[in-house]
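In what follows, a structure is listed as structure tokens, so that the remarks can point back to it.
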Amino acid sequence: MPTVTRCEWAAKGDELMVAHHDEEWGVPSHDDRHLFEMLTLEGAQAGLSWSTILHKREGYRAAFAGFDPAAVARFGPRDVERLLADPGIVRNRLKVESTVNNAARVLEVQAERGTLDAYLWAFVDGQPIVNEVRTLADLPAETDLSKAISKDLKRRGFRFIGPTVVYAFMQSVGMVDDHQLDCFRRAR
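So for the sequence shown, the numbering used here puts the first residue at 913; every next one is plus one.
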């Protein structure tokens, strides 16, 4: 998400990207379904543009049962094959299978910690990290914290959650506020 400024999206006429920035990116989220959705979408984005994924978001919601982890965890080989034929999502077998796998891992985290939210937000002591971002050059691709979270997620069996994906996830769900200092969304 942070590779292009809001003004650049507006200039390109990508109102979906502008709305995502203005209404969602960097806003603290504590809803397990939304957290699972963003883990999935950030993983799906690996190697692609965020715009591509955002424009397929509704397709993902339909394909993955509204990101209900219990429903997605029950998907079997036939479901995976069905999803691989769905033009509404990125049809990459590893990414599709990782979503099914990660849904089962979410259920395990919920059984252990009560919620995915409690588990993830504990890494930032329940409070967003607010960074001093002056320019896009100030934005890291990953941090020591995203590496630590990625390592713990991998230990738990999650897939497609490397440190860069995790950092983008942290930004998208408001665990990190990387809005530039002059952005109207900063620390709202």
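Beta carbons: idealized from backbone N, C-alpha and C, even for Gly.
- Of the residues Val-1088, Phe-1035, Thr-1027, the one whose Cα lies closest to the Cα of Pro-1052 is Val-1088.
- Between the beta-carbon of Ala-985 and that of Ala-1016 there is about 4 Å, and that keeps the pair under the 8 Å contact cut.
- Sixteen is the threshold: when 16 or more other Cβ atoms of the shown chains lie within 10 Å of the Cβ of Gly-1086, as they do, the residue is buried.
- Distance from the CA of Arg-1025 to the CA of Tyr-1031, rounded to the nearest whole angstrom, comes to 6 Å.
- Approximately 19 Å separates the beta-carbon atoms of Asp-944 and Asp-1037; this is outside 8 Å, ruling out the contact.
- By the 16-neighbour rule on beta-carbons within 10 angstroms, Val-1077 is buried.
- Only residues of its own chain outside the window of five on either side were considered, and among them Val-1077, Ala-1080, Phe-1081, Ser-1084 have a CB closer than 7 Å to the CB of Glu-954, listed in chain order.
- Pro-981 sits away from Leu-1006, with the two beta carbons spaced by 7 Å or more.
- Taking the Cβ atoms as the reference, Phe-1096 lies roughly 34 Å from Asn-1014, outside the contact range of under 8 Å.
- Among the bridge pairs identified by DSSP, Asp-1050 is matched with none.
- Within the DSSP bridge table, the entry for Ile-1041 names Val-1088 as partners.
- Per DSSP, Gly-959 is not a residue of any alpha helix (DSSP H), being assigned neither H nor E.
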